[in-house]
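Everything below concerns the one structure shown next.
Residue numbers (our numbering): 301 to 372.
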């Protein structure tokens, strides 16, 4: 019994004295590229820049919803 206690104590010492892993490097989300953007604007029929609005539509259909509506 004493032998197992010594082994358990030794494993605790090894775990607490182990080196901690290095922290991950900091992540920067800032843009580091400087200069002009090469994105062309939307142009109207006269060639003048025109503001455009883009709409995204998303629909979700689920098999359970289809069957429950059909069964009613």
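Every residue, glycine too, gets a C-beta built ideally from N, C-alpha and C.
Spatial distance of residue i from residue j (CA atoms)
i: residue 347; j: residue 354; result: 20 Å
i: residue 302; j: residue 320; result: A caution first: residue 302 carries a pLDDT of 48, below 50, which makes its placement in the model unreliable, though a value can still be read off. C-alpha separation (whole angstroms): 30 Å.
i: residue 376; j: residue 350; result: Summary: the structure shown does not reach residue 376, with the chain confined to residues 301 through 372, and so no result is reported for it.
i: residue 326; j: residue 357; result: 36 Å
Three-state secondary structure (DSSP) of residue i
i: residue 360; result: coil
i: residue 321; result: coil
i: residue 349; result: strand
Which listed residue (the options) has its alpha carbon closest to that of residue i
i: residue 352; options: 322, 359, 358 and 343; result: 343
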